[in-house]
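Step one of this worksheet: look at the structure below.
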Amino acid sequence: MLEQIAVSGAGPPARLAARVLCRRLRRPSAGNVAAVIRLMTGARDERVAAMAEEALALAWGSDQEVTNRVWDGLTATPGRAWRFLLAPAPDCPHEPRVRLVTAPPNGRRVLAAALKSADPELRGTMADLLRVTNHPVLLGDFEYALRSWPMPRSPGDEKLETRAVLDLALTNTHLCQPAPVGRKRTGLAVVAVLKRRFDLLDSYDPASMASELVRLDAGEFPAPATEGYRRWLRALGPGPGREQLCKLVIDGHSEALAAVADSGQEPDSPDLLPAFLFCTEQWERYDALDPDGTLIENYLIEENDDVGSHMWTVAKRNGRELPPPPGFSDPGF
533 MLEQIAVSGA GPPARLAARV LCRRLRRPSA GNVAAVIRLM TGARDERVAA MAEEALALAW
593 GSDQEVTNRV WDGLTATPGR AWRFLLAPAP DCPHEPRVRL VTAPPNGRRV LAAALKSADP
653 ELRGTMADLL RVTNHPVLLG DFEYALRSWP MPRSPGDEKL ETRAVLDLAL TNTHLCQPAP
713 VGRKRTGLAV VAVLKRRFDL LDSYDPASMA SELVRLDAGE FPAPATEGYR RWLRALGPGP
773 GREQLCKLVI DGHSEALAAV ADSGQEPDSP DLLPAFLFCT EQWERYDALD PDGTLIENYL
833 IEENDDVGSH MWTVAKRNGR ELPPPPGFSD PGF
């Protein structure tokens, strides 16, 4: 009843009803937020609409849940809603200086709108905003979306969606910086690779970076980008990056195997070396180091479920015995 009076009426009764509805934003529920949005976008009395807009402006950024609800309601509403989200905010410390960027919604809402909204105006406006923004929440949304690059080839829609995220990310200059959202979070490393800023790879945690790069699909990248990240892998010095690369060799990652074959890298850890020599089929050195197989058996027992199938593939190919650790089912290789 109050909403009907506020939306359809005019004068003092409508403004009084609107004032009551706007006060309810102090206890924001989805229903309260939606009602005030409807006042802002559909009230017959412009003064009622202005009251609602002022109430939403005060609520925006006051609490993340409120901001998310306001965003969810506004993005389904044309007209005044756009003016609200993109209203100038000269004091905003981030680009672009509009209300949306003063306290953006989380959960990758803006990125999802730029890619998947059924409203072409919403898609275009949010894509334009994401091309220039430097807000850490919005940049972090890109990082999260690209963290599992490349997506599995099945189902295909996921891979296509991730490609669309990457294409948009490549247009934002703020995403090509030294480890912009944490050294161990490597989702944005693919942006540095494609922009051929291989110097930026050193700013990440080297073990995380090695794990990221060996999983890249060379077929997804132009040759100079592929050559650049492969050079980085082959130039790893002693330390956690090289140790992780050698663990990835034991897991059977082809890019890691190629990197150590070309560069001659091997682990410093004596616990890792027997398995590494086994998986790289350096039999003369392996047999000299572990003549009775005790070291490799201890490794399997210690690692247990973390050991993948690659070691059994190597063993079968070379006619080698490989005792399974307790609780491990023989994969039949």
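Going left to right, the sequence shown walks through residues 533 to 865 as my numbering numbers them. Where is the CB? At the ideal position from N, CA and C, for every residue including glycine.
1) Give the DSSP-derived three-state secondary structure of V598 in the structure shown.
2) From this set, M658, P637, N638, which residue's C-alpha is nearest L647's C-alpha?
3) CA-CA distance, D604 and S735?
4) Please classify A807 as buried or exposed, where buried requires at least 16 neighbouring CB atoms within 10 angstroms.
5) Only counting the same chain, and skipping five residues up and downstream in sequence, which positions put a Cβ closer than 8 Å to that of A724?
6) Mapping the DSSP letters down to three states, classify V664 as helix, strand or coil.
7) Based on the DSSP output, what are the partners of P620 in its beta bridges?
8) Can you tell which of D737, R728, E775 has its C-alpha closest to the C-alpha of R762?
9) Between which residues of its own chain and V846 is the CB-CB distance below 7 Å, once the five residues before and five after are set aside?
10) Tell me the rounded alpha-carbon separation between R556 and G574.
11) Taking C-alpha atoms, which residue in L661, C554, S649 lies nearest to A619?
12) Counting only the same chain and skipping the five closest in sequence on each side, list residues whose C-beta sits under 7 Å from that of G760.
13) Are there 16 or more other CB atoms within 10 angstroms of the CB of N564, so buried, or fewer, so exposed?
14) Express the C-alpha separation of S743 and D749 in angstroms, rounding to a whole number.
15) Report, in whole angstroms, the separation of the C-beta atoms of D794 and R817, which I expect to be a contact under 8 Å.
16) Report the start-end ranges of each beta strand (DSSP E) in the region 700-726 that is 3 residues or longer and not cut off at the edges.
17) Helix, strand or coil for N836? Go by DSSP, reduced to three states.
18) Along the chain, where does the alpha helix (DSSP H) that runs through W592 open and close?
19) Along the chain, where does the alpha helix (DSSP H) that runs through E752 open and close?
According to the structure data:
1) In this structure, V598 counts as helix in the three-state DSSP scheme.
2) Closest by C-alpha distance to L647, out of M658, P637, N638, is M658.
3) One alpha carbon belongs to D604, the other to S735, and they sit about 36 Å apart.
4) Result: buried.
5) Closer than 8 Å at Cβ, skipping near neighbours: C708, F730, L732, L733.
6) Reduced to three states, the DSSP call for V664 is helix.
7) For P620, which the question treats as bridged, DSSP gives the partners V630.
8) Closest by alpha carbon: R728.
9) Correct list, in chain order: F810, C811, E813.
10) Rounded to whole angstroms, R556 to G574 spans 18 Å at the Cα level.
11) L661 is the residue among L661, C554, S649 whose C-alpha sits nearest the C-alpha of A619.
12) Counting only residues of its own chain and dropping the five nearest sequence neighbours on each side, G760 has a CB closer than 7 Å to the CB of V725, R728, F730.
13) Counting Cβ neighbours within 10 Å, N564 comes out buried, since at least 16 surround it.
14) Computed Cα separation, rounded: 13 Å.
15) Contact doesn't hold; Cβ gap of about 18 Å is too wide.
16) Listed in chain order, the beta strand (DSSP E) runs fully inside the region 700-726 amount to none, counting runs of at least 3 residues.
17) It is helical.
18) Per DSSP, W592 lies in no alpha helix (DSSP H) and is assigned neither H nor E.
19) Looking at the DSSP string, E752 is not in any alpha helix (DSSP H), and its letter there is neither H nor E.
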